[in-house]
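Note sheet for the following structure.
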């Protein structure tokens, strides 16, 4: 993907190009999902594909068990979808129009005890 910076009279930025590679977009999506799911990056799988000019993302994450949250898997999946769609738009200027979320495995969040 190539984003052209504004050029010409009145442009506030110097002329040039900003290039986002497919690998950069993949790493960005992986980080967004990792943060939203609160799991280690090694537990997340993200694949991106073209969907008529927009991106289609397939995400595989484990279910997080921490005992304090009482949300359904549907709510958790919706939150992951929204985080990826908004994050890719805000950080990379990319439109993600479809996100498939699959839960595979369980991640137990470490419990912290105060002594």
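Residue numbers (the working numbering): 1 to 115.
Ideal Cβ placement from N, Cα and C applies to all residues, glycine included.
Just so it is clear, the structure is predicted and the values come from calculations on it, not from any experiment.
Beta-carbon proximity list for residue i, same chain, < 8 Å, skipping 5 on both sides
i          : result
residue 63 : 73, 76, 103, 105, 106 and 107
residue 39 : 61, 62, 64 and 107
Selected residue, minimal CA-CA separation from residue i, among the options
i          : options            : result
residue 85 : 114, 36, 18 and 44 : 36
residue 26 : 70, 78 and 56      : 56
residue 98 : 24, 18, 19 and 53  : 53
residue 59 : 81, 21, 90 and 20  : 81
residue 32 : 109, 92 and 12     : 92
residue 21 : 101, 71, 70 and 94 : 94
Cβ-Cβ distance between residue i and residue j below 8 Å
i          : j          : result
residue 61 : residue 43 : yes
Distance, residue j Cα to residue i Cα
i          : j           : result
residue 47 : residue 15  : 32 Å
residue 17 : residue 109 : 42 Å
residue 71 : residue 12  : 46 Å
residue 23 : residue 78  : 25 Å
Neighbourhood of residue i by C-beta distance below 7 Å, restricted to the same chain and skipping five residues each side
i          : result
residue 29 : 46, 48, 57, 84 and 88
Paired residues, beta bridge with residue i - DSSP
i           : result
residue 100 : 58
residue 71  : Paired residue(s): none; residue 71 is not in a bridge.
residue 49  : 56
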